[in-house]
Amino acid sequence: MIALVQLKKGVYWVGAVDWDIRNFHGYLTHRGSTYNSYLLVSDKIALVDTVKAPFYETWVRHIKQYVDPKKIDYIISNHAEPDHSGSLSKFYREEAPQATIIATERGKNIITKYYGELPITTTKEMPELSLGGKTLNFVAVPMAHWPDSMVSYIPEDKILLSNDAFGQHLSSTGRFDDEVDPNILWHEAEAYYANILMPLQGAVGRAVKALDGIPIEIIAPSHGVIWRKNIEGILSRYVQWISGHTKPKVIISYDTMWNSTKIMAYAIAEGVASEGVECRVYNLTENHRSDVITDLLEAKAVLIGSPTLNNHVYPTVAEFLAYMRGLKPMNKFGAGFGSYGWAGGATRFINEQMTLAGIEIIESKLDYAFKPTDEEWQTAYDYGVMVAKKVKE
1 MIALVQLKKG VYWVGAVDWD IRNFHGYLTH RGSTYNSYLL VSDKIALVDT VKAPFYETWV
61 RHIKQYVDPK KIDYIISNHA EPDHSGSLSK FYREEAPQAT IIATERGKNI ITKYYGELPI
121 TTTKEMPELS LGGKTLNFVA VPMAHWPDSM VSYIPEDKIL LSNDAFGQHL SSTGRFDDEV
181 DPNILWHEAE AYYANILMPL QGAVGRAVKA LDGIPIEIIA PSHGVIWRKN IEGILSRYVQ
241 WISGHTKPKV IISYDTMWNS TKIMAYAIAE GVASEGVECR VYNLTENHRS DVITDLLEAK
301 AVLIGSPTLN NHVYPTVAEF LAYMRGLKPM NKFGAGFGSY GWAGGATRFI NEQMTLAGIE
361 IIESKLDYAF KPTDEEWQTA YDYGVMVAKK VKE
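Sequential numbering of the sequence shown, starting at 1, is according to this note's numbering.
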């Protein structure tokens, strides 16, 4: 049995905590996650979103602490991705066949593809739902993650059920933002935006702008904790991230075969640090790509190094480049660097991929044969100094 988790009178969290998940869309979730589902009890009863299929029994048990599922009038699908809709079909068929399912038109199509035919009313037919003492306003926010995405707003309670926006992959016993370590919370909110929502900044920006002037006292996302204390804080951070805000900071990510590229990475980092500029260095064998991307979100410069292997880039660097290219980081400059034996190729490929990711390439001649000489080490150091001065401009 769970303790009562009430957002406001008649609005309850009935989701599930996933303490174990460590991989979500290729993003390393160090602290697990939650699948948040919300129950609205008024003259009529509505359930907003379901949970990932393996958590079905836990979720149903939570619902039954509040109501008999046979009394649920509506099931709202804010988003048809399986971590939110994975229990929808089974719950409807086994527990609540009397309920009306509501989704966007695109949500209806996706749900049908995943789970077969279900009787779904679209938000075009029902843009607003009255439960008696509570109202749900449905607002489509296409591509604020998927094309079907929408948010639901309860004006009487000033609660925004924001689905994936403002979420975090964070498992905890606390359900609210003021019940968890704030440093962990802000880091996980940043990681979530960087690794999931960053390439969708246009759509997310339109969704955030649509909230202007709407009174909000609680933001209840579909992952992580519920915001009730730091509403302005999370909104202002989203505005910053959406705008592509950067600060004087350099990220160096690299891998190495016989330490030559590592020597170069460390020399560049020393040069950056000599100018008092923040710099982080990540070996891509030792660090996960999603952690690097989180740190990269607000950095102004990114430098990527690789040895040449078979006339190509090192595998871990290729993986990172592919991941970064899909996320399309904004307002950054950088370049590739690396080492080779008798034939190069890695640095050229890095610069090509960075260009395709939208990163401005600055001049770099850091492409050394075998082990860097003392003179080449100094050139790498001086390059770091130059980059540091550029990020301060």
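A virtual CB, placed ideally from N, CA and C, is assigned to each residue, including glycine.
Please classify residue i as buried or exposed, where buried requires at least 16 neighbouring CB atoms within 10 angstroms.
i	result
Met354	buried
Val239	exposed
Pro54	exposed
Thr373	exposed
Gly116	exposed
Gly341	exposed
Gly202	exposed
Lys209	exposed
Ser222	buried
Pro69	buried
Glu81	buried
Thr316	buried
Leu200	buried
Ile214	exposed
Trp146	buried
Pro248	buried
Ser162	buried
Enumerate in chain order the residues of its own chain whose CB-to-CB distance from residue i is below 8 Å, with the five nearest sequence positions on each side excluded.
i	result
Leu118	Leu88, Ser89, Tyr92, Ile101, Ile111, Thr112
Asp382	Gly271
Tyr282	Ile251, Ile252, Ser253, Tyr254, Asp291, Val292, Asp295
Val67	Leu39, Val41, Ile45
Taking the beta strand (DSSP E) that residue i falls in, what are its first and last residues?
i	result
Ser33	33–35
Thr135	135–140
Gly334	333–340
Ser306	299–309
Ile350	Ile350 -> not in any beta strand (DSSP E); alpha helix (DSSP H) instead, spanning 346–356.
Ile362	Segment: none, Ile362 is in no beta strand (DSSP E) and carries neither H nor E.
Asp18	16–18
Pro215	Neither: Pro215 is in no beta strand (DSSP E) and is coded neither H nor E.
Ile101	100–103
Val41	38–41
Ile45	45–48
Gln168	Note, Gln168: premise wrong, no beta strand (DSSP E); not H, not E.
Val11	11–13
Leu7	6–8
Beta-carbon within less than 6 Å of residue i's beta-carbon, same chain only, minus the 5 sequence neighbours each way: which residues are those?
i	result
Gly244	Met330, Asn331
Gly32	Asp18, Trp19, Ile21, Ser171
Ile263	Pro372
Met324	Ala357
Phe166	Ile219, Pro221, Ile234
Glu95	Pro69
Tyr254	Thr261, Ala265, Gly305
Tyr27	Asn195, Ser290
Ser16	In the sequence on display, residue 16 carries Ala and not Ser. Cβ within range, chain order: Tyr35, Val51, Phe55, Thr58, Trp59.
Lys108	Ile120, Thr122
Ala140	Thr104, Met150
Thinking residue i and residue j are a contact (beta carbons under 8 Å), I'd like their distance in whole angstroms, please.
i	j	result
Ile297	Glu190	Residue identity differs from the one stated: residue 297 is Leu in this sequence, not Ile. Rounded, the Cβ-Cβ distance is 6 Å, consistent with contact.
Asn36	Ala220	7 Å
Ile251	Ala299	5 Å
Thr123	Glu156	Wrong, their Cβ atoms sit about 19 Å apart, outside the cutoff.
Met150	Asn78	5 Å
Arg289	Phe333	At roughly 20 Å, the Cβ-Cβ gap does not stay under 8 Å, so Arg289 and Phe333 are not in contact.
Thr246	Pro307	With 8 Å as the limit, Thr246 and Pro307 do not qualify as a contact, their Cβ atoms being about 29 Å apart.
Ile226	Leu7	6 Å
Ile394	Asp164	There is no way to answer for residue 394, as the model of the chain reaches only from 1 to 393.
Lys392	Val302	Not a contact, Cβ separation roughly 16 Å.
Val51	Gly10	Between Gly10 and Val51 the Cβ distance is about 21 Å, and since that is not below 8 Å, they are no contact.
Ile159	Glu217	7 Å
Arg175	Trp13	6 Å
His275	Ala388	One detail in the question is off: residue 275 reads as Glu in this sequence, not His. That belief holds up - the Cβ atoms of Glu275 and Ala388 are roughly 4 Å apart, short of 8 Å.
Asp49	Arg106	Not confirmed; about 16 Å, so no contact.
Gly224	Thr34	6 Å
Tyr192	Leu129	Their Cβ separation, rounded to whole angstroms, is 28 Å, which puts Tyr192 and Leu129 out of contact at 8 Å.
Ile231	Ser152	Not confirmed; about 17 Å, so no contact.
Excluding five sequence neighbours on each side, which residues of the same chain lie with their C-beta closer than 7 Å to the C-beta of residue i?
i	result
Phe349	His312, Val313
Glu376	Tyr368
Asn351	Ala335, Gly336, Ile361
Ala273	Cys279
Lys71	Ile45
Which residues mark the beginning and the end of the alpha helix (DSSP H) in which residue i is found?
i	result
Trp377	374–391
Val292	289–296
Leu327	315–327
Ala191	182–192
Val208	201–209
| said: List, from N- to C-terminal side, the beta strand (DSSP E) runs of 3 residues or more that fit wholly inside the segment 52–95. | reply: 74–76
| field | Ordered list of alpha helix (DSSP H) runs contained in the segment 231–284, each at least 4 residues | value | 231–243, 260–273
| request: Would you list, in sequence order, the uninterrupted beta strand (DSSP E) runs of no fewer than 3 residues that lie entirely inside the segment 106–166? | output: 120–122, 128–130, 135–140, 150–154, 159–163
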